[in-house]
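**Q** Each number in my numbering comes from the position in the sequence shown (counting from 1) with 127 added on.
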Amino acid sequence: MNSPPANNIRSERVSSSITILGSTGSIGKSTLEVIALHPCYQVFALTANNNVAEMLQQCLRFQPRFAVMVDADAANQLEQVLMGQGSTTRVLAGEEGLLAVATHSAVDTVMAAIVGAAGLPPTLAAVEASKKVLLANKEALIMAGELFMTALAASDAILLPIDSEHNAVFQCLPPESRLAGSDIRRQGVRKIVLTASGGPFRDVALETLQNVTPAQACRHPNWSMGKKISVDSATMMNKGLEVIEACFLFGTIPRQIEVLIHPQSIVHSMVEYLDGSVIAQLGSPDMRIPISYSLAWPERMNSGASFLDLTSQPDLQFFTPDLIRFPCLRLGIEAAEQGGTAPTILNAANEIAVDSFLSGRIGFMDIPVIIARVQAQITCRKADTIAIIRQADEHARAIARELTART
Ligand code: NAD
Ligand code: MG
Numbered sequence: 128m129n130s131p132p133a134n135n136i137r138s139e140r141v142s143s144s145i146t147i148l149g150s151t152g153s154i155g156k157s158t159l160e161v162i163a164l165h166p167c168y169q170v171f172a173l174t175a176n177n178n179v180a181e182m183l184q185q186c187l188r189f190q191p192r193f194a195v196m197v198d199a200d201a202a203n204q205l206e207q208v209l210m211g212q213g214s215t216t217r218v219l220a221g222e223e224g225l226l227a228v229a230t231h232s233a234v235d236t237v238m239a240a241i242v243g244a245a246g247l248p249p250t251l252a253a254v255e256a257s258k259k260v261l262l263a264n265k266e267a268l269i270m271a272g273e274l275f276m277t278a279l280a281a282s283d284a285i286l287l288p289i290d291s292e293h294n295a296v297f298q299c300l301p302p303e304s305r306l307a308g309s310d311i312r313r314q315g316v317r318k319i320v321l322t323a324s325g326g327p328f329r330d331v332a333l334e335t336l337q338n339v340t341p342a343q344a345c346r347h348p349n350w351s352m353g354k355k356i357s358v359d360s361a362t363m364m365n366k367g368l369e370v371i372e373a374c375f376l377f378g379t380i381p382r383q384i385e386v387l388i389h390p391q392s393i394v395h396s397m398v399e400y401l402d403g404s405v406i407a408q409l410g411s412p413d414m415r416i417p418i419s420y421s422l423a424w425p426e427r428m429n430s431g432a433s434f435l436d437l438t439s440q441p442d443l444q445f446f447t448p449d450l451i452r453f454p455c456l457r458l459g460i461e462a463a464e465q466g467g468t469a470p471t472i473l474n475a476a477n478e479i480a481v482d483s484f485l486s487g488r489i490g491f492m493d494i495p496v497i498i499a500r501v502q503a504q505i506t507c508r509k510a511d512t513i514a515i516i517r518q519a520d521e522h523a524r525a526i527a528r529e530l531t532a533r534t
């Protein structure tokens, strides 16, 4: 019998020029690891907020044409060091730099891996410029889903989900309904099942939750991720955001989406059809799998991740989530049902509340309380212009800041 191929085989593929928005983060670094296995992918541009040390290492290794630092001082610092090393990488600064490398005519693929609302302008610009957009930055879609999907329909862009659950659903849907914007109800789909690990506090005593520390909240049992999404996973707001994300990506409604806690994070999500068939996507909990799937789509290539050995896995379990333990999940589902600016307000309030928790200003269980109070103070509207979205976002942030200062 032939032995299976080694996991570090390099492939010969059609060449592609990539911008990675948020390259110094967890998804950005995993993307570079996959790209390092496949020389056909050229790194056109890398971007970060202010992490000069990491960006310098990435520039020296991948030699992009452009490096963007949003922070102007960080951009100056990077430029000096790169010049000193004889590098040809050009350094740009600010949001204009992000827009320039997300839309440049020499780029065909954009990995959107900035965290939070800051990722919306360059990600939306990449869609409008008809790029192949690999979407990790779920907050951009949640904040402005309708506008985002309208821009997608009006362009020749291709949107591929990186979030492991949505990438799994994408793989389980019939090929003709996978691409964002199509109505999956017409394809015999009964429901989408999004799985969730339940995070680090799935089983701890409820009364201890208020006193958990940021370090405990960021210690995810199965995935290694940035701090914001780690806290979102601990509150399960991440799954609430993912319900909204799935509604936009797959043209469905919250009632057609079920959330199940699956502590082993092996089944990444499932699609149930009208005939009773359920198609699931399984794999090791490693973001290099959805990243390499989306880079190579519609083909497949080696991701560098380990292969799944089901015989050595613990039993796979599935539970209905407890909405008393996880009020953020309920808030997310309600915002999905409400629509309009409700997801924009939810996302903005959550970003401020998570930031306040991470910097020790509020307790863990204050997060849902603050979000609910912000929601109660703002009337939702139709979210059909960028001006309305910006206004709802800023209003929600201002109220959330005031509330966190008083807590
Ligand atoms: P991270 O915190 O590790 O990295 C964030 C990146 O964004 C960094 O490169 C940082 O420099 C950049 N950034 C931060 N603030 C910025 C700003 N104001 N302007 C421009 N750039 C800024 O985050 P991550 O875990 O890699 O997550 C990135 C996105 O992917 C998030 O939206 C997250 O929800 C999503 N996601 C992550 C994972 C995961 O496993 N990490 C899984 C699914 C989805
Ligand atoms: Mg996810």
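Note that CB positions come from ideal geometry on N, CA and C, so glycine has one too.
1. Just the Cα atoms here: how many angstroms apart are N135 and I289?
2. What is the residue span of the alpha helix (DSSP H) that V161 lies within?
3. Tell me, please, which residues DSSP counts as bridged to Q169.
4. Contact between the stretch 266-281 and the stretch 246-253: three or more CB pairs below 8 Å?
5. Need the endpoints of the alpha helix (DSSP H) that R382 sits in, please.
6. With 16 as the cutoff for other CB atoms within 10 Å, does G487 come out buried or exposed?
7. Taking its Cβ as the centre, do 16 or more other Cβ atoms sit within 10 Å of A480, making it buried, or is it exposed?
8. Would you grab the beta carbon distance between L125 and S150 for me? Rounded to a whole angstrom, and I think it's under 8 Å.
9. Quick check: the Cα distance between P131 and N176, rounded to an integer number of angstroms?
10. At the level of alpha carbons, what is the spacing between R137 and W424?
11. Let's see if you can read the secondary structure: which residues bound the alpha helix (DSSP H) around V296?
12. Any idea which residues DSSP pairs P288 with across the strands?
13. On a Cα-Cα basis, can you pick out the residue from I384, A527 and S144 that is closest to G367?
14. Figure out for me which residue from T531, I147 and C507 has the closest Cα to the Cα of D520.
15. Flag this pair as touching only if the stretch 411-428 and the stretch 462-469 have three or more C-beta atom pairs under 8 Å; answer yes or no.
16. Based on Cα-Cα distance, which residue from Q337, I145, S143 and I154 lies nearest to S351?
17. Just how far apart, CA to CA, sit Q207 and A227?
18. The ligand MG heavy atoms versus the CB of H347: any closer than 8 Å?
19. For K354, is the beta carbon positioned less than 8 Å from some heavy atom of the ligand NAD?
20. Please state if the CB of V197 and the CB of L205 are separated by a distance shorter than 9 Å.
21. Could you tell me the alpha carbon to alpha carbon distance between P341 and Q440, rounded to whole angstroms?
22. CB Q408 to CB S396, shorter than 9 Å?
**A** For this structure:
1. Reading the sequence shown from its first residue, position 8 is the one you call residue 135. Reading the sequence shown from its first residue, position 162 is the one you call residue 289. Since pLDDT at N135 reaches only 41, below the 50 mark, its modelled position is unreliable, and the value read off the structure follows with that caveat. If you take the alpha carbons of N135 and I289, they lie about 22 Å apart.
2. Within the sequence shown, residue 161 is the residue found at index 34, counting from 1. Unbroken alpha helix (DSSP H) run through V161: S153 to A163.
3. Residue 169 sits at position 42 when you count from the first residue of the sequence shown. DSSP lists S144 as partners of Q169.
4. The stretch 266-281 vs the stretch 246-253: in contact.
5. Numbered from 1 along the sequence shown, position 255 holds the residue referred to as residue 382. Careful: R382 lies outside any alpha helix (DSSP H) and carries neither H nor E.
6. Within the sequence shown, residue 487 is the residue found at index 360, counting from 1. Residue environment: G487 is assigned as exposed (fewer than 16 neighbouring CB atoms within 10 Å of its CB, all protein chains considered).
7. By one-based count along the sequence shown, residue 480 stands at place 353. By the Cβ neighbour-count rule, A480 is buried, with 16 or more other Cβ atoms within 10 Å of its own.
8. Here the chain has residues from 128 to 534 only, and residue 125 is not among them.
9. For the purposes of this step, residue 131 is taken as residue 4 along the sequence shown, with counting starting at 1. For the purposes of this step, residue 176 is taken as residue 49 along the sequence shown, with counting starting at 1. The pLDDT assigned to P131 is 40, lower than 50, so where the model puts this residue is not dependable; a value taken from the coordinates is nonetheless given after this. About 41 Å.
10. Residue mapping note: residue 137 aligns to position 10 of the sequence shown, counting from 1. Residue mapping note: residue 424 aligns to position 297 of the sequence shown, counting from 1. With a pLDDT of 45 at R137, under the threshold of 50, the modelled position of that residue is not reliable, and the figure given next carries that caveat. R137 and W424 have their alpha carbons spaced roughly 17 Å apart.
11. Position 169 of the sequence shown, counting from 1, holds the residue named residue 296. Start and end: S291 to C299.
12. Taking the sequence shown and counting its residues from 1, one reaches residue 288 at position 161. Looking at the DSSP assignment, P288 forms a beta bridge with L262.
13. Stepping through the sequence shown from its first residue, residue 367 is reached at position 240. Ranked by Cα distance from G367, the first of I384, A527 and S144 is I384.
14. Along the sequence shown, read from residue 1 onward, the residue named residue 520 stands at position 393. For the residues T531, I147 and C507, the minimum Cα distance to D520 belongs to C507.
15. When C-beta atoms of the stretch 411-428 are compared with those of the stretch 462-469, fewer than three pairs fall below 8 Å, so the two segments do not count as touching.
16. Looking up residue 351 in the sequence shown gives position 224. Per the Cα distances, I154.
17. The residue you call residue 207 lines up with position 80 of the sequence shown. The residue you call residue 227 lines up with position 100 of the sequence shown. Here the alpha carbon of Q207 sits roughly 21 Å from the alpha carbon of A227.
18. Position 220 of the sequence shown, counted from the start, is the residue given in the question as residue 347. Not under cutoff, so the answer is no.
19. As a working note, residue 354 is residue 227 in the sequence shown. Checking every heavy atom of the ligand NAD against the Cβ of K354, one is found closer than 8 Å.
20. To locate residue 205, count along the sequence shown from 1; it is residue 78. To locate residue 197, count along the sequence shown from 1; it is residue 70. No; because the gap between Cβ atoms is not below 9 Å, this pair is not in contact.
21. Translated into the one-based positions of the sequence shown, residue 341 becomes position 214. Translated into the one-based positions of the sequence shown, residue 440 becomes position 313. Cα to Cα, the separation comes out at about 29 Å.
22. Position 281 of the sequence shown holds residue 408. Position 269 of the sequence shown holds residue 396. The answer is yes: Cβ separation under 9 Å.
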